[in-house]
Ligand code: URA
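Residue numbers (the numbering used here): 44 to 559.
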């Protein structure tokens, strides 16, 4: 029979600022291999008296099924045993409760003694491992010396549910957006870890070796190679710039790293780079091209694919500019910078095996990212066409510009700036003309500019003098509850002349005069 919810008052709870709230005890199989730690019970859990009974619980149940097990076979706990109200509870009270509640969690973990602990979200990560930065750490497997078991980190189901479409999680994986995919991607990695006997194979570096001339024959046969130079500085123009090593990956988890302390490249390495039939994958164009030109005096031939560029194309909201972030999302290799063991700035001095691990990790991550990103691009033929017909040639051209510089016709530039200014003024005027005078008066002081989100929100959604339209649920910022003024949301209202002018204005603003 379900235990009746109770208001607890034991010695620990007596010290807690939330001691008058309903306690929700942990549930599950005391012999479980998997112990999930969530955040805190919600309304539904408080009512029923057991963890993960609401929407987050339903999603968790579905995810647990993907591991080939069921809710009954696992154990579910929370960082907090009673409900918290993040908007009104003081942070210091929440922190105090977290500290006190840890006693219960600690007892439960020791009692269950799971083979793996799964932290769902930032509260769990903080309580179990004392760590922050959930999004940076998600997908990682780290070991807990305190509990003597590995800890897998992922986001909280509620985080994904905020902003998910109503058919989530019951739609096919391919149709999910990036955020919706997060948990399913992480649980896929978790499933692999469980299958491998709770070992993480993502960052297994045993397949990275020091390159010898004989290794080149095999690499030459490949039609795709991920390449990466390790250097003593990222500044190619530094007179002391030196290449430390060059890594090749043509197969997942296998990298061949050629050390270059005498700044000379083996003939066979050059043949690979110059072979135009071998596609190259890199993490940051045009670094490899410029290093090759400047240091070794030849050009890399064949198509060069930049995985960062591909990642930005597959997700326009991806705002990171480093290989680790790309790999964290697109591969099972998480936090590859850890391979440098803190010596990333000082690789010149680092022992050879560390350079091999680090450089090998970079090309392995590039290789894996390339494969997954290429598959993603292939799902959208138009995007793929745009990539092949536009992005690749433009990147080739920019690499040449980087090397040769380019001539700018200042007069033509000024003329087009003038044109853009004129167009922006006209579009602004046309859009502002559509506003009711009450709104114009209200916003006059702050400026009747189309760059002001509150003006747009007032007119479309908020102010009684405006249109009072209902914003689309999926375009409301969860934290603030405010409608977004993104292009995607505005497109839903493009039948309005105001929005039509605004969207045109945004286009011209983006390509024309970002400073206006
Ligand atoms: N969210 C949690 O973190 N825990 C629960 O028990 C329910 C929702």
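Using N, Cα and C, we set each Cβ at its ideal position, and we do this for glycine too.
Being a predicted model, the structure only gives us computed values, none of them experimental.
At least one heavy atom of the ligand URA lies less than 7 Å from the C-beta of residue 82. The shortest CA-to-CA distance from residue 169 to any of 194, 367, 303 is the one to 194.
A direct Cα-Cα distance of roughly 14 Å separates residue 324 from residue 418. Counting of Cβ neighbours within 10 angstroms places residue 266 among the exposed residues, the total staying below 16.
Residue 239 and residue 121 have their C-alpha atoms spaced approximately 27 Å apart. Between the alpha carbons of residue 157 and residue 490 lies a gap of roughly 60 Å.
Only buried fits residue 251, as 16 or more other CB atoms lie within 10 angstroms of its CB. Within the segment 71–129, the complete beta strand (DSSP E) runs of at least 3 residues fall at 77–81, 118–121.
Beyond the five residues adjoining it in sequence on each side, residue 229 comes within less than 7 Å, by CB distance, of 181, 182, 197 in the same chain, given in chain order. Not one heavy atom of the ligand URA is found less than 7 Å from the C-beta of residue 195.
Residue 199 has its CB nearer than 7 Å to a heavy atom of the ligand URA.
The Cβ-Cβ distance between residue 377 and residue 371 falls below 8 Å. Secondary structure at residue 302: strand, using DSSP grouped into helix, strand and coil. Beta-bridge annotation (DSSP): residue 269 is paired with 292, 324.
Taking non-hydrogen atoms of the ligand URA into account, the C-beta of residue 329 is found less than 7 Å away from none of them. Shown here, residue 445 sits in a helix according to DSSP, grouped into three states. The ligand URA has a heavy atom closer than 7 Å to the beta-carbon of residue 100.
Less than 8 Å separates the beta-carbon of residue 67 from that of residue 94.
In this chain, the beta strand (DSSP E) harbouring residue 184 covers 184–187.
Contact between residue 403 and residue 290 is confirmed by a C-beta separation of about 5 Å, below the 8 Å threshold.
With respect to the 8 Å criterion, residue 413 and residue 348 are classified as neighbours on the basis of their beta carbons.
Here DSSP, grouped into helix, strand and coil, assigns residue 280 to coil. Close CB contacts of residue 415 within its chain, under the 7 Å cut and outside five residues either way in sequence, are with 373, 374 (chain order). Distance check between residue 399 and each of 186, 331, 296 places 296 closest, using alpha-carbon atoms only. Residue 446 is classed as exposed because its beta carbon has fewer than 16 other beta carbons within 10 Å across all chains shown.
If you look at residue 253, you'll find it in the beta strand (DSSP E) that goes 251–253. Cβ contact annotation for residue 536 (same chain, cutoff 8 Å, sequence separation greater than five): 503, 512, 542, in chain order. Counting only residues of its own chain and dropping the five nearest sequence neighbours on each side, residue 207 has a CB closer than 6 Å to the CB of 223. The ligand URA has a heavy atom closer than 7 Å to the beta-carbon of residue 85. DSSP places residue 536 outside any beta strand (DSSP E), giving it a letter other than H or E. Here residue 196 is bridged, per DSSP, to 162.
Counting along the chain, residue 518 sits inside no beta strand (DSSP E), nor does DSSP assign it H or E at all.
In this structure, residue 436 has its CB at a distance of at least 7 Å from all heavy atoms of the ligand URA. Looking at 262, 396, 305, 161, the one whose alpha-carbon comes closest to that of residue 234 is 161. Going by C-alpha positions, residue 88 is about 41 Å away from residue 495. Less than 8 Å separates the beta-carbon of residue 410 from that of residue 292.
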